[in-house]
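Peer 1: After the structure tokens below, expect a handful of questions from me.
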Amino acid sequence: MYAGDRLTVTSTIENIKSIAGNDILDIRGEVHDAAGEHVVTAWTKLVARAADTAAEGA
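Using the working numbering, the letters of the sequence shown correspond one by one to residues 100 to 157.
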């Protein structure tokens, strides 16, 4: 892989769960080059935190 290469990412949500009011998404990204060759698989975890009710009342 070099600077200027064109890459394509296909993202898949693999799991969604709620823990202690927080929503958690596990996302897998499959990266391919312009020829369609697999380059890398990357995983990401996104967390949407619950509202802090104590801070809202301040």
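Yeah, the Cβ is synthetic: ideal placement off N, Cα and C, and Gly gets one too.
Small disclaimer: the values here were computed from a predicted structure and weren't measured.
Which class does tryptophan 136 belong to by DSSP, given the choice of helix, strand or coil?
Peer 2: A quick correction: the sequence has glutamate, not tryptophan, at residue 136. Correct three-state label for glutamate 136: coil.
Peer 1: By Cβ distance, which residues of its chain are closer than 6 Å to alanine 141, with the 5 residues on each side in sequence left out?
Peer 2: Only Gly128 meet the Cβ criterion.
Peer 1: Less than 6 Å between C-beta atoms, sequence neighbours within five positions excluded: which residues of the same chain meet that for valine 108?
Peer 2: Gly128, Val130.
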